[in-house]
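All remarks here apply to the structure that follows.
Chains as they are written, first to last, in full-length UniProt numbering: chain A, 1 to 322; chain B, 1 to 322.
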């Protein structure tokens with residue numbers, strides 16, 4: 001039985017419950033407080049409240065810099081003595097328990113039992129598909145993944161995806177809610193281990209570990225190669241559009257048609273996919289859509305200004321000239 | 001026979017020759033002009049000079065924002081009618097010809113013949129090991145790779161590596177020269193296809209292509225997942241140190257000991273290396289060195305401020321609050 005949709009519209013959410021108050025859960029607490037919500041938290045650890053309030057205190061100056069919502073206050077945090085009390089009046093629940101599948105599964109069932117009918121419950125899991133966290137005991141239709149990045153109060157991204165028993169309406173509700181709550185939402189149509197950003201990060205991370213393992217690069221080389229190179233662009237222009245610019249005025253089509261063969265080069269230990277017509281066209285069309293009418297020259301100018309702004313923001317302009 | 005070291009010390013370089021004046025070669029021209037060098041360029045294309053001067057004109061406002069070196073001027077660019085004239089008086093040569101191995105090999109030989117003895121010649125190649133570009137005809141000892149990122153006048157990174165016939169002194173000379181010329185240098189001890197940054201980029205890019213090929217994510221999803229997520233941190237803190245922070249106060253050691261098993265998760269199509277004691281220790285020690293005495297709290301504060309500064313610099317603060 002599913003009781004989605006939620007009794008509360010995404011724009012009418014007032015009270016958010018955060019279950020688990022470690023680095024991620026506590027980061028969510030800070031985010032929701034800064035966005036002007038009442039937040040109720042629960043965590044079974046003895047010193048959880050003290051740690052949580054310390055985390056929120058530490059995050060608050062950053063959140064003040066970003067700009068607090070009207071009425072936002074650290075005083076709107078309540079630490080509840082039990083899970084049931086934490087979620088009883090909640091309009092939305094964010095679960096951030098340790099990454100243990102059995103724990104997550106039973107906790108999510110407990111949460112759908114303790115909340116009002118239809119309230120959406122999101123898991124911060126960084127790796128489990130929601131389908132694996134469904135259970136007989138849970139009201140599965142309103143369980144979604146809402147995967148944040150650390151720290152959740154600063155990094156906008158949240159990846160939203162349901163499991164095979166999740167109602168589509170719950171996925172849409174959660175996506176809309178996170179957007180209203182100031183996050184950048186990617187709604188996924190299907191489950192994929194590691195979701196999207198972590199798969200990309202993980203590919204890079206594994207290649208880096210291979211290099212260290214083989215003495216091909218040091219940890220410092222790897223970090224410098226990103227922060228002094230591609231990382232400067234990736235803060236504002238993703239890898240796909242960046243590669244499209246590398247194709248010059250011919251864009252991604254030129255890039256793929258010209259450099260397609262180098263996909264087979266041993267430039268990483270990850271095997272390349274077959275660059276057939278369908279993949280080529282999907283990538284080219286995706287880049288055209290992303291460009292959204294901006295010309296090559298427009299994009300180059302944006303990229304250049306973006307790099308300059310990022311260099312300045314990170315204190316790297318004014319390096320000694322000759 | 002090798003005639004390295006160069007007749008000119010890195011700090012005494014006055015005239016740089018740029019061979020090949022497309023997007024990368026032209027970007028190098030703009031960079032060296034902005035850093036106050038005399039630059040002589042040569043490119044066999046009929047309209048090369050016109051295109052090059054347009055590129056330099058387009059880049060100049062950005063370079064003025066960054067800050068020009070004393071005496072820097074677009075007027076200090078000379079476009080030479082022949083390769084020999086371009087390099088005859090050069091203290092350093094940057095080759096940025098198209099990525100064709102035979103062309104690069106013969107061009108590099110021609111360049112060592114046309115320059116004064118000992119002058120270091122660097123190739124912008126994005127993929128060929130210098131060993132493959134060595135030839136009988138060249139004075140191989142002074143040939144190095146100096147691999148830039150696009151655009152070379154804005155992205156600081158340059159990867160420097162020699163081939164098996166390159167003198168170590170030439171690699172050191174080039175590294176020192178690029179540093180003086182305002183670049184961020186990674187000097188590699190050994191050749192590795194794709195060098196460092198491109199291997200990391202390529203792993204990420206291939207994983208992204210697999211996702212598009214399988215309908216798991218759109219081009220927009222992939223770009224958003226980076227620019228709204230990890231890309232915000234990578235502009236100033238590399239992936240290794242970022243992962244160390246994810247380990248909390250326990251740092252990279254906790255991260256690897258705790259999450260090591262998840263390396264085997266199917267979070268990317270790239271196989272993970274064996275996380276043995278040697279690899280674990282190398283990564284942990286590298287992160288400790290990178291932290292350089294900064295505590296976990298110091299690093300968290302730096303990361304948070306960095307993210308805020310990057311968000312502000314890229315126009316993403318002030319998003320609607322609740």
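We put the CB at the ideal spot given by N, CA and C, even for glycine.
- Query: Residues in the segment 216–231 of chain A with C-beta within 7 Å of chain B's C-beta atoms, listed in sequence order?
  - Reply: Close to chain B, meaning a Cβ-Cβ distance shorter than 7 Å, are the following residues of the segment 216–231 of chain A: 216, 217, 218, 219, 220, 221, 222, 223, 224, 225, 226, 227, 228, 229, 230, 231.
- Message: Which same chain residues end up closer than 7 Å to residue 251/B when comparing Cβ atoms and leaving out the 5 residues on each side of it in sequence?
- Response: Here residue 251/B has 244, 287, 296 as same chain residues with Cβ atoms under 7 Å from its own Cβ, once five neighbours each way along the sequence are excluded.
- What does residue 295/B touch in chain A if you count any residue whose Cβ is under 9 Å from its own? Those do not exist, as residue 295/B stays about 13 Å from chain A at its closest Cβ, beyond 9 Å.
- Message: Give me the residue from 223/A, 214/A, 186/A with the minimum Cα distance to residue 204/A.
- Response: Nearest to residue 204/A by alpha-carbon distance, out of 223/A, 214/A, 186/A, is 223/A.
- Message: Can you pull out the residues from the segment 294–315 of chain A whose beta carbon lies closer than 9 Å to at least one beta carbon of chain B?
- Response: The segment 294–315 of chain A vs chain B, Cβ under 9 Å: 297, 300, 301, 303, 304, 305, 306, 307, 308, 309, 310, 311, 312, 313, 314, 315.
- How would you write the range of the alpha helix (DSSP H) that residue 230/B sits in, first residue to last? Start and end: 230–234.
- Message: Helix, strand or coil, according to DSSP, for residue 47/A in the structure here?
- Response: DSSP places residue 47/A in coil when its eight states are reduced to three.
- Message: Here's the rule I'm using: 16 or more other beta-carbon atoms within 10 Å means buried, otherwise exposed. How should residue 280/B be labelled?
- Response: Buried.
- Quick one: using the 10 Å Cβ neighbour count with 16 as the cut-off for buried, is residue 217/A buried or exposed? So residue 217/A counts as buried.
- Check the Cβ of residue 240/B against every Cβ in chain A and list those closer than 7 Å, keeping chain order. Taking a Cβ-Cβ cut-off of 7 Å, the neighbours of residue 240/B in chain A comprise 208, 219, 222, 223, given in sequence order.
- Query: Along the segment 12–36 of chain B, what residues have a CB closer than 7 Å to any CB found in chain A?
  - Reply: If the cut-off is 7 Å between Cβ atoms, the segment 12–36 of chain B has 23, 35, 36 near chain A.
- Does residue 112/A come within less than 8 Å of chain B when only Cβ atoms are used? No, residue 112/A does not count as interfacial toward chain B.
- Got a sec, what are the start and stop residues for the beta strand (DSSP E) residue 77/B sits in? In the DSSP assignment, residue 77/B falls within the unbroken beta strand (DSSP E) covering 77–79.
- Task: Taking only the alpha-carbon atoms, compute the straight-line gap between residue 304/B and residue 53/A and give it to the nearest angstrom.
- Result: Cα-Cα distance, rounded: 18 Å.
- Message: For the segment 105–125 of chain B against the segment 14–31 of chain B, do three or more pairs of beta-carbon atoms, one drawn from each stretch, fall closer than 8 Å, so that the two count as touching?
- Response: Yes, the segment 105–125 of chain B is in contact with the segment 14–31 of chain B.
- Query: Are residue 69/B and residue 26/B close, meaning C-beta to C-beta below 8 Å?
  - Reply: No, the pair does not count as a contact, with Cβ atoms beyond the cut-off.
- At least one CB of chain B closer than 8 Å to the CB of residue 42/A: is that the case? Output row for residue 42/A: interface = no.
- Task: For residue 82/B, count neighbouring Cβ atoms within 10 angstroms of its own Cβ and tell me buried if that reaches 16, exposed if not.
- Result: With fewer than 16 Cβ atoms within 10 Å of its Cβ, residue 82/B is classed as exposed.
- Query: So, does the CB of residue 96/B fall closer than 8 Å to a CB anywhere in chain A?
  - Reply: Interface residue (Cβ-Cβ distance to chain A less than 8 Å): residue 96/B is not classified as such.
- Please state whether DSSP places residue 151/A in a helix, a strand or coil. If DSSP states are grouped into helix, strand and coil, residue 151/A belongs with coil.
- Tell me the DSSP bridge mates of residue 157/A? Residue 157/A pairs with 184/A.
- Task: Could you work out which residue in 128/A, 146/A, 165/A, 155/A is closest to residue 137/A when comparing CA atoms only?
- Result: Nearest Cα to residue 137/A within the set 128/A, 146/A, 165/A, 155/A: 165/A.
- Query: What is the rounded straight-line gap between the Cα of residue 173/A and the Cα of residue 95/A?
  - Reply: In this structure, the CA atom of residue 173/A is about 16 Å from the CA atom of residue 95/A.
- Query: In the segment 240–297 of chain A, which residue ranges form an unbroken alpha helix (DSSP H) of at least 4 residues, counting only runs that do not cross its ends?
  - Reply: DSSP runs (the alpha helix (DSSP H)) wholly in the segment 240–297 of chain A: 251–259, 277–291.
- Query: Could you give the uninterrupted runs of the alpha helix (DSSP H) lying entirely in the segment 3–39 of chain B, keeping only those of 4 residues or more?
  - Reply: Runs of the alpha helix (DSSP H) spanning 4 or more residues and lying entirely within the segment 3–39 of chain B occur at 23–34, in chain order.
- Checking contacts by CB at 8 Å: is residue 212/A closer than that to chain B? Among the residues facing chain B, residue 212/A is included, as its CB has a counterpart in that chain under 8 Å away.
- Can you find a C-beta in chain B that's less than 8 Å from the C-beta of residue 154/A? At a cut-off of 8 Å between C-beta atoms, residue 154/A counts as an interface residue with respect to chain B.
- Within the same chain, show all residues whose beta-carbon is closer than 6 Å to that of residue 123/A, passing over the 5 residues directly before and after it, in chain order. Closer than 6 Å at the Cβ level, and outside the excluded window around residue 123/A, lie 95, 145.
- Query: From which residue to which residue does the beta strand (DSSP E) around residue 87/A run?
  - Reply: For residue 87/A, there is no enclosing beta strand (DSSP E); the residue is part of the alpha helix (DSSP H) that begins and ends at 83–87.
- Message: Quick check on residue 289/B: buried or exposed, where buried means 16 or more other Cβ atoms within 10 Å of its Cβ?
- Response: Per the 10 Å Cβ criterion, exposed.
- Message: Excluding the 5 residues flanking residue 154/B on each side, which residues of the same chain have their C-beta closer than 7 Å to its C-beta?
- Response: The answer, listed in chain order, is 62.
- Task: Please determine, among 103/B, 246/B, 157/B, 162/B, the residue with the shortest C-alpha to C-alpha distance to residue 31/B.
- Result: The residue among 103/B, 246/B, 157/B, 162/B with its C-alpha nearest the C-alpha of residue 31/B is 157/B.
- Query: Does the beta-carbon distance from residue 6/B to residue 127/A come in below 8 Å?
  - Reply: It is not a contact, given that the beta carbons lie outside the stated cut-off.
- Item | 8 Å Cβ cut-off: residues of chain B touching residue 199/A | Within chain B, the residues near residue 199/A are 207, 211, 267, 268.
- Task: Could you say which of 274/B, 182/B, 282/B, 232/B lies nearest to residue 316/A if we only look at CA atoms?
- Result: Comparing Cα positions, the closest option is 182/B.
- Query: Which whole-angstrom value is the C-beta distance of residue 269/B and residue 207/B, which I expect to be below 8 Å?
  - Reply: Going by Cβ atoms, the distance from residue 269/B to residue 207/B rounds to 6 Å, so yes, they are a contact pair.
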